[in-house]
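Protein sequence lines, in the order shown, are assigned to chains V and E. Just so you know, this note's numbering puts 226 at position 209 of the first sequence, and the rest follows in order with no gaps. Just so you know, this note's numbering puts 828 at position 260 of the second sequence, and the rest follows in order with no gaps. We treat Cβ as the ideally placed atom computed from N, Cα and C, and that holds for glycine. Computed from a prediction, not measured in an experiment: that's the story for all the values here. For reference, the structure is listed below as structure tokens.
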Amino acid sequence: MKYSYNWLKELSKTKLAPKKLADLVTRRAFELEETEPMSRGLENVVVGRIEKVEKHPNADRLQLAKVNIGSKILDIVCGAPNIAPGQKVPAALDGACLLSGIQIKEAEIRGAKSQGMLCSEKDLGIGEDHAGIMILESDAKVGENLAKYLGFDDVQLQFDILPNRAHDALSHIGMAREICAIEGRKIKFPSIPLHKRGKIVGNLSIEISDKKICPRYIGVKMEGIEVMPSPTWIEARLKTCGIRPINNIVDITNYVMLETGQPLHSFDASAISDQKSRINIQVRKAKKNEKIKLLDEKEYVLNENDIVIASPEKALALAGVMGGENSGISDETTSIVLESANFNPTMIRKTRARPGLNSESSYRFEREVDPNLAEVGAARAIELIEKYGGKNVKVSAYKDVYPAKVKPWKIKLDPDYAKSLLGENIPEKKIKNILENLGMKVLGNLVSKREVEIPTGRIDLKTQEDLIEEIGRIYGYENIPAQAPRTELTAPTPNEKRIFENKLKDLLVGLGFSEMLNYSFYSASDIEKCGLGIAGHYEVANPMNPDQQYLRRSMIPGLLKNININQKHFDEIKIFEIGRKYRDIGKINPDEYTVFSGAYANSRINSPFFELKGSFEALCRSFRIKAEYKRHKRKYSVWHPGRVAEIWIKDIKIGKIGEINPLTAKQYGINSRVALFGVSVDNLFNAFLAKERQFRSISKFPSVKRDISMFVGGDIVYADIEKEVEKSGGELVLGVELFDLFEKDGEKSLAVRAEIGSNEKTLTSEEIDAVMGKIISNLEKNLKVKVRK
Amino acid sequence: MLKEKIAEIKTKSFAEIEKTASEQMLYDVKVKYLGRKGKLTEILKNLKNLDEKKRKTVGALANRIRMEIENAIAKHGREMSEKVDWEKEAIDVTLPGKKQELGHLNPITLVQRDIEKIFTSMGFEIADGPEVELERYNFDALNFPKDHPARDMQDTFWVKSKKESLVLRTHTSPVQIRYMEKHKPPLRIVAPGRVFRNEATDAKHEHTLHQFEALMVGDDISVGNFKYIAQQFFTIFFGKETQIRLRPSFFPFTEPSFEFDISCSICGGKGCRTCKQAGWIEIGGAGMVNQNVFAAAGYPKNKYQGFAWGFGLERLAMMKYKIDDIRWIESGDLRFIKQF
Chain V
18 MKYSYNWLKE
28 LSKTKLAPKK
38 LADLVTRRAF
48 ELEETEPMSR
58 GLENVVVGRI
68 EKVEKHPNAD
78 RLQLAKVNIG
88 SKILDIVCGA
98 PNIAPGQKVP
108 AALDGACLLS
118 GIQIKEAEIR
128 GAKSQGMLCS
138 EKDLGIGEDH
148 AGIMILESDA
158 KVGENLAKYL
168 GFDDVQLQFD
178 ILPNRAHDAL
188 SHIGMAREIC
198 AIEGRKIKFP
208 SIPLHKRGKI
218 VGNLSIEISD
228 KKICPRYIGV
238 KMEGIEVMPS
248 PTWIEARLKT
258 CGIRPINNIV
268 DITNYVMLET
278 GQPLHSFDAS
288 AISDQKSRIN
298 IQVRKAKKNE
308 KIKLLDEKEY
318 VLNENDIVIA
328 SPEKALALAG
338 VMGGENSGIS
348 DETTSIVLES
358 ANFNPTMIRK
368 TRARPGLNSE
378 SSYRFEREVD
388 PNLAEVGAAR
398 AIELIEKYGG
408 KNVKVSAYKD
418 VYPAKVKPWK
428 IKLDPDYAKS
438 LLGENIPEKK
448 IKNILENLGM
458 KVLGNLVSKR
468 EVEIPTGRID
478 LKTQEDLIEE
488 IGRIYGYENI
498 PAQAPRTELT
508 APTPNEKRIF
518 ENKLKDLLVG
528 LGFSEMLNYS
538 FYSASDIEKC
548 GLGIAGHYEV
558 ANPMNPDQQY
568 LRRSMIPGLL
578 KNININQKHF
588 DEIKIFEIGR
598 KYRDIGKINP
608 DEYTVFSGAY
618 ANSRINSPFF
628 ELKGSFEALC
638 RSFRIKAEYK
648 RHKRKYSVWH
658 PGRVAEIWIK
668 DIKIGKIGEI
678 NPLTAKQYGI
688 NSRVALFGVS
698 VDNLFNAFLA
708 KERQFRSISK
718 FPSVKRDISM
728 FVGGDIVYAD
738 IEKEVEKSGG
748 ELVLGVELFD
758 LFEKDGEKSL
768 AVRAEIGSNE
778 KTLTSEEIDA
788 VMGKIISNLE
798 KNLKVKVRK
Chain E
569 MLKEKIAEIK
579 TKSFAEIEKT
589 ASEQMLYDVK
599 VKYLGRKGKL
609 TEILKNLKNL
619 DEKKRKTVGA
629 LANRIRMEIE
639 NAIAKHGREM
649 SEKVDWEKEA
659 IDVTLPGKKQ
669 ELGHLNPITL
679 VQRDIEKIFT
689 SMGFEIADGP
699 EVELERYNFD
709 ALNFPKDHPA
719 RDMQDTFWVK
729 SKKESLVLRT
739 HTSPVQIRYM
749 EKHKPPLRIV
759 APGRVFRNEA
769 TDAKHEHTLH
779 QFEALMVGDD
789 ISVGNFKYIA
799 QQFFTIFFGK
809 ETQIRLRPSF
819 FPFTEPSFEF
829 DISCSICGGK
839 GCRTCKQAGW
849 IEIGGAGMVN
859 QNVFAAAGYP
869 KNKYQGFAWG
879 FGLERLAMMK
889 YKIDDIRWIE
899 SGDLRFIKQF
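This is the structure in structure tokens:
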């Protein structure tokens with residue numbers, strides 16, 4: 018909310034300058050969002066009196082004016098024709114810098130000296146009128162700063178009011194109470210006495226259909242109203258608070274709202290009376306499809322969630338939100354009904370959620386207003402209307418419907434708990450002062466009675482901790498010293514999985530891969546392009562755009578997009594991501610798990626599979642995990658049908674590695690081949706944990722390396738051969754390694770090197786030959802390979 | 569007589585050794601003097617013909633010279649083998665090395681590691697929770713009233729589900745509840761993770777963010793303790809003394825609640841462009857855990873006290889590395905990532 022510094026100063030009697038005040042409020046209550054001096058552009062502009070007007074000797078359209086600014090008389094050249102001696106006008110002096118952009122300097126204008134400039138409203142940036150010089154009231158004080166004369170010597174302070182404090186702090190009184198409490202005193206606000214006019218019933222009746230929708234309604238009929246502009250000071254304050262002045266009645270309702278926090282509304286009494294001048298106000302829920310035309314000249318279709326103020330015939334206003342089109346104050350208005358009421362916050366919130374219905378009034382009601390404030394608001398408005406609403410204003414009827422009066426409540430407060438929670442030994446006297454300065458009553462002795470009575474305006478105060486917050490912030494958090502917690506010195510249980518993930522990341526970085534963070538979303542089109550199938554996907558109910566419609570079940574679309582954007586800058590792309598995937602399995606808790614995936618693309622390599630697999634294998638070696646790669650039988654359109662493998666560890670499939678189907682890659686604008694893998698971090702982690710890490714003594718006995726070259730049939734894959742060699746040789750095979758591979762005339766030739774040895778002795782050449790013989794014969798028998806001898 | 573002869577052998581042999589230019593020549597010299605019929609060997613062989621006194625002195629001398637010659641031969645041999653044509657060996661050492669590309673971590677990971685390291689050093693455990701979260705954990709258990717505006721469509725991504733009301737978690741705070749359900753105080757945890765806000769993206773806003781949550785619960789944990797931990801954290805994180813400023817705020821899950829500012833890491837509090845002349849930078853929210861939150865986690869009310877604290881990793885990363893646009897972080901652009 019935008020506050021007027023002068024207003025706050027008047028109510029709180031603070032002596033602090035705007036900046037200091039704002040800083041203090043920021044630390045103890047609400048953050049300053051913006052501050053703006055209202056006098057901007059009016060510095061060095063004063064009230065001047067024209068003493069004499071002469072023709073300019075060298076220009077027909079210009080005049081020479083002698084202008085008295087109190088301290089001296091200036092010569093000013095002026096082009097506007099509407100000036101005459103005796104008038105008071107705004108005179109911009111040397112050094113002024115007007116909002117319209119004009120900078121004032123002493124100058125010679127066509128041979129005549131000019132020591133300033135006389136200004137129009139438009140020149141000053143305070144109005145649209147630029148036809149002539151702005152003529153001020155005759156009582157304006159010569160030499161006075163124009164900003165002060167106009168009431169613009171104010172500073173707008175915009176504070177961000179916390180949502181739980183809207184009840185009391187969206188008002189100048191509320192903010193002034195805060196300022197007083199911060200400065201260590203109670204606010205002295207002339208408490209407006211309950212109006213004795215309650216007896217004047219007149220012909221005004223008020224019916225509330227349900228006290229839940231409207232806990233209180235005060236209606237005041239006032240006659241003898243003269244609608245006219247408000248006094249300058251009211252207009253200036255409204256402008257400082259960002260509200261456009263309209264006329265005295267409307268301005269006063271706004272003024273009282275800004276001052277007290279109570280939203281008010283005024284009806285033209287003649288527009289809501291029946292033919293016998295009786296006024297019968299009903300507060301009720303709107304009927305389904307009931308229509309109403311509001312002040313903004315738009316028609317709204319209502320439902321049972323809306324509250325209306327109605328005559329027996331029709332709805333007059335949308336309660337707490339906006340007045341009706343034909344019942345508002347006009348220049349012809351002579352009698353009014355002033356409404357100071359209280360409405361259900363939830364219903365107001367639903368009503369104003371329609372576009373265009375956000376008003377200062379709804380803003381406050383939807384945040385809940387104290388029903389007792391209605392009386393304060395009504396009384397203050399009556400006081401001001403009696404003063405500024407016309408010479409013969411009188412209250413002719415007053416009615417207050419308040420079926421269930423809200424009374425102050427009590428909260429138990431344990432001062433020791435307050436001290437413990439804040440971590441500061443605040444004296445109990447200080448606690449008492451803070452609470453009382455904020456308008457609470459501390460009953461009896463704090464120590465013995467431990468009860469605090471809460472004023473009804475502080476709807477937010479419900480628990481002991483709420484009070485402790487009040488104590489802490491007014492005491493000043495900066496006054497609470499930082500204090501090391503006294504706690505047992507325990508070593509935290511390490512998060513092994515996080516450590517593992519970090520290790521994964523570090524290894525990948527070492528292997529040249531860079532880390533991507535992709536969105537958890539993708540689009541229906543991604544699902545289609547990658548052939549993922551819509552089943553099992555969670556859909557976002559309110560996505561911002563179609564790109565975020567589904568939660569990812571696969572990391573592939575994200576990585577393909579990454580490759581697409583990087584391919585124009587890099588020939589080789591090595592990336593990885595560790596992130597979550599989500600799958601709807603029809604249970605309460607989603608199937609959400611962490612996936613680790615990597616991708617490799619190189620515009621110069623046509624088969625990136627082995628590059629990537631090499632990196633993955635290096636990772637596995639580092640973790641001492643032995644992964645198996647099995648040909649993937651099921652057809653996924655996203656994978657290249659002949660270049661994809663399942664990754665298994667023991668009996669668990671942990672993921673896949675392969676090349677992306679070039680047709681899919683093409684749909685993502687990728688022309689090179691892409692290899693990609695994705696594995697479950699949990700499975701990898703479990704395999705890592707399961708692996709015993711123990712030193713194996715290094716054999717004292719020598720081992721030998723023997724090569725086996727063979728021709729291999731079409732169905733046999735390398736993994737079969739490796740397995741056969743290991744199986745046939747048993748413990749004596751210490752390792753198997755591929756060392757040559759070529760294809761010629763449709764025949765695949767392959768050579769492996771086996772390391773043969775024993776931990777127990779040096780093998781004799783006969784023993785070695787026996788093992789090799791067994792291996793070779795098994796290869797030939799079981800896999801039908803032709804071993805080259 | 570003999571002594572002079574031995575001395576002469578020494579001088580001659582040394583001179584010859586010095587002149588040899590190959591292994592073979594050196595061998596020949598060795599044979600000439602120390603071989604079976606070598607000159608010095610001859611003398612040693614004839615020692616037995618001398619009288620005892622002479623034999624002793626000449627023998628000792630001959631043996632010493634023999635060792636000297638052997639050493640000189642070995643030394644000269646070593647010198648010859650170590651002789652290399654260094655000119656020929658020379659390479660252009662300014663040529664680049666064989667290229668070995670290392671990868672790069674995302675700045676969010678770097679910042680997250682910093683945070684985890686500092687907190688674990690203070691005894692905090694690292695906790696984790698799901699990103700697709702039950703509305704119950706994301707809102708109800710954290711004391712958000714049923715009609716709280718934060719549940720509104722504009723802030724929260726709701727997930728269509730037949731079983732239970734699901735959201736993409738809007739903060740890491742649900743981890744507090746999940747952890748407290750399974751652990752009793754005293755406890756200290758930190759929970760970094762991905763969160764989501766249904767917000768349009770621009771240079772300062774992202775719908776996918778990373779946050780961390782710190783929670784400390786015990787019998788008498790206070791605002792003063794929070795200030796201490798926060799000060800420790802930032803002082804280490806930024807590598808210089810950092811001041812904390814708490815301002816009143818409001819969150820349903822804490823009471824009292826604070827916004828907290830840190831003294832500007834650029835100007836040290838004097839006022840600069842980064843902090844908009846304020847000397848302080850707004851960092852995040854914190855507060856003392858609301859008793860209703862303890863109750864939701866199954867703790868008795870008014871038994872424990874604790875603080876909860878959270879802020880965005882993006883903001884920290886952007887401050888630490890002077891990143892000007894939040895969208896870089898999830899851009900996937902290697903030109904960005906390779907700078908870290």
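Range of the contiguous alpha helix (DSSP H) that encloses residue i
i: V:E743; result: Y735 to G746
i: E:F862; result: Q859 to A864
Contact with chain E by residue i, beta-carbon distance below 9 angstroms
i: V:V338; result: no
i: V:G191; result: no
i: V:D601; result: yes
i: V:D543; result: no
i: V:M18; result: no
CB contact below 9 angstroms: residue i versus chain V
i: E:K731; result: yes
i: E:R681; result: yes
i: E:T738; result: no
i: E:G839; result: no
i: E:R710; result: It should be noted that the sequence gives Leu, not Arg, for residue 710 of chain E. Not one chain V Cβ lies under 9 angstroms of E:L710.
i: E:S539; result: Any question about residue 539 of chain E goes unanswered here, given that chain E covers just 569 to 908.
i: E:Y747; result: no
i: E:R604; result: no
i: E:R762; result: yes
Residue i: CB within 8 angstroms of a non-hydrogen atom of the ligand NAD
i: E:I633; result: Looking at this structure, you won't find the ligand NAD or any other ligand, since it has none at all.
Endpoints, the beta strand (DSSP E) within which residue i is located
i: V:M239; result: R233 to E240
i: V:C95; result: I90 to C95
i: E:H778; result: T776 to G786
i: V:S352; result: S352 to N359
i: V:S131; result: A129 to S131
Cα-Cα separation between residue i and residue j, rounded to whole angstroms
i: V:R798; j: V:I792; result: With the sequence shown as reference, residue 798 of chain V is identified as Lys, and Arg is not the correct amino acid for it. When rounded, the distance between both Cα atoms is 10 angstroms.
i: E:V758; j: V:G695; result: 28 angstroms
i: E:L608; j: E:K587; result: 19 angstroms
i: V:L163; j: V:S357; result: 37 angstroms
i: E:I585; j: V:S726; result: 55 angstroms
i: V:P498; j: V:I152; result: 59 angstroms
i: V:R127; j: V:D111; result: 18 angstroms
Spatially closest choice to residue i from the options, by CA coordinates
i: V:I399; options: V:A499, V:W250 and V:K238; result: V:K238
i: V:G746; options: V:R723, V:F759 and V:F728; result: V:R723
i: E:N860; options: E:F828, E:N870 and E:G853; result: E:N870
i: V:R770; options: V:A558, V:V742 and V:E760; result: V:V742
i: V:I324; options: V:G278, V:C231 and V:G603; result: V:C231
i: E:A771; options: E:M690, E:M886 and E:G847; result: E:M886
i: V:T779; options: V:P658, V:V418, V:V721 and V:G341; result: V:V721
Ignoring anything shorter than 3 residues or poking outside the segment 686-773 of chain V, list the beta strand (DSSP E) runs there in chain order.
691-697, 721-729, 750-761 and 764-773
Q. Whole alpha helix (DSSP H) runs in the segment 791-847 of chain E with 4 or more residues, listed along the chain?
A. 791-806
Check your understanding: Enumerated in chain order, which unbroken segments of the beta strand (DSSP E) with a length of 3 residues or greater are wholly contained in the segment 364-427 of chain V?
Key -> 411-418
At 3 residues or longer, and completely inside the segment 242-324 of chain V: list those beta strand (DSSP E) runs for me, N to C. 281-285, 296-302, 308-310 and 316-318
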